[in-house]
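Visitor: According to the numbering used here, the sequence shown holds residues 162 to 607 in order.
For glycine and all other residues, C-beta sits at the position ideal for the given N, C-alpha and C.
Please find one structure pasted underneath; my questions will follow.
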Amino acid sequence: MTENFDRAPGAGRARIKPRSPGLADVGDGDGDATSGFNQREPLRQPRTSPPLTENNPNNSEAIGGESRSPSKPHQFIHNHSTPASKVKSVDSLVNTSILSANAPEFYPASFSPYEESVSEDGSDGYYTEMTLAELVEEFLSYLNSSPGSFEMDIEHMVNMLNSWVTTEETLQELVELIYTQSTAIPNFSYTGARLCNFLSHNLLLSPASGNFRQLLLKRCRTEYEQRDVAVRGDQETQKKFQAYVLFLGELYLRLEVRSAKGPPSRAEILLIALRELMNALFSNPVDGNLICAVKLLKLTGSVLEDAWKEKGKSDMDQLVQRIENIVLDTQCSRDVKQMLLRLVELRSSNWGRVHAAAASDATPDNDPNYFMNEPTFYTADGTPFTAADPEYSEKYQEILDREDDCFPEDCEENGNESSFNDEDEMDPEIEEAFEKFCLESERRRR
Numbered sequence: 162m163t164e165n166f167d168r169a170p171g172a173g174r175a176r177i178k179p180r181s182p183g184l185a186d187v188g189d190g191d192g193d194a195t196s197g198f199n200q201r202e203p204l205r206q207p208r209t210s211p212p213l214t215e216n217n218p219n220n221s222e223a224i225g226g227e228s229r230s231p232s233k234p235h236q237f238i239h240n241h242s243t244p245a246s247k248v249k250s251v252d253s254l255v256n257t258s259i260l261s262a263n264a265p266e267f268y269p270a271s272f273s274p275y276e277e278s279v280s281e282d283g284s285d286g287y288y289t290e291m292t293l294a295e296l297v298e299e300f301l302s303y304l305n306s307s308p309g310s311f312e313m314d315i316e317h318m319v320n321m322l323n324s325w326v327t328t329e330e331t332l333q334e335l336v337e338l339i340y341t342q343s344t345a346i347p348n349f350s351y352t353g354a355r356l357c358n359f360l361s362h363n364l365l366l367s368p369a370s371g372n373f374r375q376l377l378l379k380r381c382r383t384e385y386e387q388r389d390v391a392v393r394g395d396q397e398t399q400k401k402f403q404a405y406v407l408f409l410g411e412l413y414l415r416l417e418v419r420s421a422k423g424p425p426s427r428a429e430i431l432l433i434a435l436r437e438l439m440n441a442l443f444s445n446p447v448d449g450n451l452i453c454a455v456k457l458l459k460l461t462g463s464v465l466e467d468a469w470k471e472k473g474k475s476d477m478d479q480l481v482q483r484i485e486n487i488v489l490d491t492q493c494s495r496d497v498k499q500m501l502l503r504l505v506e507l508r509s510s511n512w513g514r515v516h517a518a519a520a521s522d523a524t525p526d527n528d529p530n531y532f533m534n535e536p537t538f539y540t541a542d543g544t545p546f547t548a549a550d551p552e553y554s555e556k557y558q559e560i561l562d563r564e565d566d567c568f569p570e571d572c573e574e575n576g577n578e579s580s581f582n583d584e585d586e587m588d589p590e591i592e593e594a595f596e597k598f599c600l601e602s603e604r605r606r607r
């Protein structure tokens, strides 16, 4: 058994190159048999590698051949034959298809294709020039969302409008746009009236037909003449008329008529119009008209009454009497009746106004703010003790006397007590409170 076992390194392990992959030549001798058992099979090709031979029959090689052409994977060509049945099915599909390469593009139903804009000169352009209506609507929408920016942006807006409004037609269009937006946008009547007042003084164009203010009043008069029909119209017509009435009230308060002879005054024609508009609202005492009248009187009641009193008229007394009759006789809702009664109460209190009396004439009876700036003290049981109490002056004087006993020396102007030594330092919070107390005491004594 040990005859063919060679312990020398590498003995019996000589490899013989096979003539064909996976096959080894077996010789006649014993050495050949041993080499046949030690021969290893070649490694298989990777699965992703191209085939070793081409499909060309001229370059085919027998399995047991002596030589092999060099393998270059990138030079091999794969010829995959297509079955005839598949070719026929593709041809028949092409022949029977209704699809066309020249068919128009498909758009969904909700898609609107882009159309290039054409400018006035006929050339294509991406943007069209903004119109006056778009400019005004954009600016009014901005003021409605940011009313606090009115003072900062109004001059810039008027400069733009002066460059746009150069003809009588554009001025008339501007008046119509501002009137429409001021009565259509909710809660915009105040800002719209301010805008109208500013434009009436700063718009440069003033044609023979009238300036901005005159054209605006003509537009308001057109709606005023339809008042008797509007208050009895349908709900939508009444809402538009009520918005117009509130805008006219704001316009009366904001619109100034300047003259060279004296200070600015309000438009007298609006005073007469508001009186007639309230009569029209009361003539059809439905809830919507009554609520509009209440809002108008809360807004302008004090100013209207002052103007009528200067002329010696009692128009406000007549309106209040009419409101009281409506509360008693009209079948309006309970909430509206409460609003009317509160309006009458507001008028009886002079529209909530308090005329400040002179300093020498002020008494607790004629000035409700007489005790406003006086300090409030608390008794031992926590009861507030103010200057309105009868014994306030005596007890307040006792408090001042106790302060003099505790702090005999006067406080300096800067609030620092001179009797304290530098070594006796107080807490900063206590010191600050003490300084305020000293200053307040000194102010009261003076």
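1. Where does the unbroken alpha helix (DSSP H) through N440 begin, and where does it stop?
2. Residues in the same chain with beta-carbon distance under 8 Å from R388, minus the five sequence neighbours each way, listed in chain order, please.
3. Apply the 10 Å Cβ neighbour rule to A454 and answer buried if 16 or more other Cβ atoms are within range, or exposed otherwise.
4. Relative to the C-alpha of A294, which candidate in P269, S306 and W325 has its C-alpha closest?
5. Please decide whether T491 counts as near chain B, where near means a Cβ-Cβ distance under 9 Å.
6. Could you tell me whether the segment 397 to 415 touches the segment 348 to 360, where touching means 3 or more Cβ pairs closer than 8 Å?
7. Check whether the Cβ atoms of L376 and S370 lie closer than 9 Å to each other.
8. Considering only the beta carbon of each residue, do L407 and S463 sit closer than 9 Å?
9. Give, in chain order, every unbroken run of the alpha helix (DSSP H) that is at least 4 residues long and sits entirely within the segment 268 to 356.
10. Just mark A391 as buried or exposed, buried being the case when its beta carbon has 16 or more other beta carbons within 10 Å.
11. So the candidates are Q482, Q492 and D490; which of them puts its Cα closest to the Cα of L504?
12. Let me check understanding here. Comparing Cα to Cα, which of F359, S253, K400 and Y303 lies closest to E316?
13. Have a look at G449, L435, E429 and S420 and flag the residue whose alpha-carbon is nearest the alpha-carbon of G394.
14. Going by beta carbon distance, what residues of the same chain come within less than 7 Å of K597, once the five residues before and after it are set aside?
15. Is it buried or exposed for I484, if we count other Cβ within 10 angstroms and need 16 for buried?
16. Would E337 and R380 qualify as a contact pair, given that the criterion is a beta-carbon distance under 9 Å?
17. According to DSSP, simplified to helix, strand and coil, what is S463?
18. Helix, strand or coil: which one does DSSP assign to R488?
19. What does DSSP give as the partner residue(s) for E592 in the beta ladder?
20. By Cβ distance, which residues of its chain are closer than 8 Å to V319, with the 5 residues on each side in sequence left out?
21. Beta carbon of T461, beta carbon of L435: below 9 Å?
22. If L457 sits next to G423, beta carbons under 8 Å apart, how far is it from one beta carbon to the other, in whole angstroms?
23. Please list, in chain order, all residues of the same chain as F311 whose beta carbon is under 7 Å from its beta carbon, the five residues on each side excluded.
24. To the nearest whole angstrom, what separates the beta carbons of E298 and Q342, a pair I think is in contact under 8 Å?
25. Looking at the secondary structure, which residues open and close the alpha helix (DSSP H) in which S509 lies?
26. What is the rounded straight-line gap between the Cα of N511 and the Cα of K470?
27. Drop a sphere of 10 angstroms on the beta-carbon of P446, count the other beta-carbons inside from all chains shown, and report buried for 16 or more, exposed for fewer.
28. Considering just the uninterrupted stretch of the alpha helix (DSSP H) at D389, what are its terminal residues?
29. Flag this pair as yes or no: are the beta carbons of M321 and L296 separated by less than 9 Å?
30. What is the rounded straight-line gap between the Cα of E429 and the Cα of T491?
31. Can you check which of these residues, V251, P308, N372 and G513, is closest to N323 by C-alpha distance?
32. Suppose contacts are defined by Cβ-Cβ distances below 9 Å. Is Y385 in contact with T344 by that definition?
33. Quick one: is I560 buried, meaning 16 or more other Cβ sit within 10 Å of its Cβ, or exposed?
34. Where L501 and V488 are concerned, what is the direct C-alpha to C-alpha distance, given to the nearest angstrom?
35. Have a look at Y268 and K459 and give me their C-alpha separation to the nearest angstrom.
Guide: The structure says:
1. Unbroken alpha helix (DSSP H) run through N440: E429 to S444.
2. Counting only Cβ-Cβ distances below 8 Å, and skipping sequence neighbours, we find F402, E437, L438 and A441.
3. When all chains shown are included, A454 counts as buried.
4. Scanning P269, S306 and W325 for the CA closest to the CA of A294 turns up W325.
5. Looking for chain B here will not work: only one protein chain is present.
6. Yes: at least three Cβ pairs fall under 8 Å.
7. A contact, by the Cβ cut-off of 9 Å.
8. Against a cut-off of 9 Å, the Cβ pair of S463 and L407 comes out as no contact.
9. Runs of alpha helix (DSSP H) with 4 or more residues, each lying fully within the segment 268 to 356, are found at 293 to 306, 311 to 325 and 329 to 345, listed in chain order.
10. By the 16-neighbour rule on beta-carbons within 10 angstroms, A391 is buried.
11. When the alpha-carbon of L504 is set against those of Q482, Q492 and D490, the nearest one is in Q482.
12. Out of F359, S253, K400 and Y303, F359 has the C-alpha closest to the C-alpha of E316.
13. Comparing alpha carbon positions, the residue from G449, L435, E429 and S420 closest to G394 is G449.
14. Take K597, set aside five residues on each side of it, and no residue of its chain has a beta-carbon closer than 7 Å to its own.
15. Under this definition I484 is a buried residue.
16. For the 9 Å CB-CB criterion, E337 and R380 form a contact.
17. S463 falls in the helix class under three-state DSSP.
18. With the sequence shown as reference, residue 488 is identified as Val, and Arg is not the correct amino acid for it. Helix.
19. E592 is not bridged to any residue.
20. Excluding sequence neighbours, V319 sits near F359, L360, N363 and L364.
21. Yes, the pair counts as a contact, with Cβ atoms nearer than the cut-off.
22. That belief does not hold up - the Cβ atoms of L457 and G423 are roughly 28 Å apart, past 8 Å.
23. Answer for F311: L304, T352 and R355, listed in chain order.
24. Confirmed, about 7 Å.
25. For S509, the enclosing alpha helix (DSSP H) starts and ends at R495 to S509.
26. Near 13 Å, if we compare the C-alpha coordinates of K470 and N511.
27. Buried, by the Cβ-count rule.
28. D389 -> alpha helix (DSSP H) spans R388 to A391.
29. In this structure, L296 lies closer than 9 Å to M321 by Cβ.
30. Here the alpha carbon of E429 sits roughly 32 Å from the alpha carbon of T491.
31. Here the closest residue by C-alpha is N372.
32. Cβ distance not < 9 Å, so Y385 and T344 don't count as in contact.
33. Exposed, because fewer than 16 other Cβ atoms sit within 10 Å of the Cβ of I560.
34. C-alpha of L501 to C-alpha of V488: approximately 7 Å in a straight line.
35. Cα-Cα distance, rounded: 58 Å.
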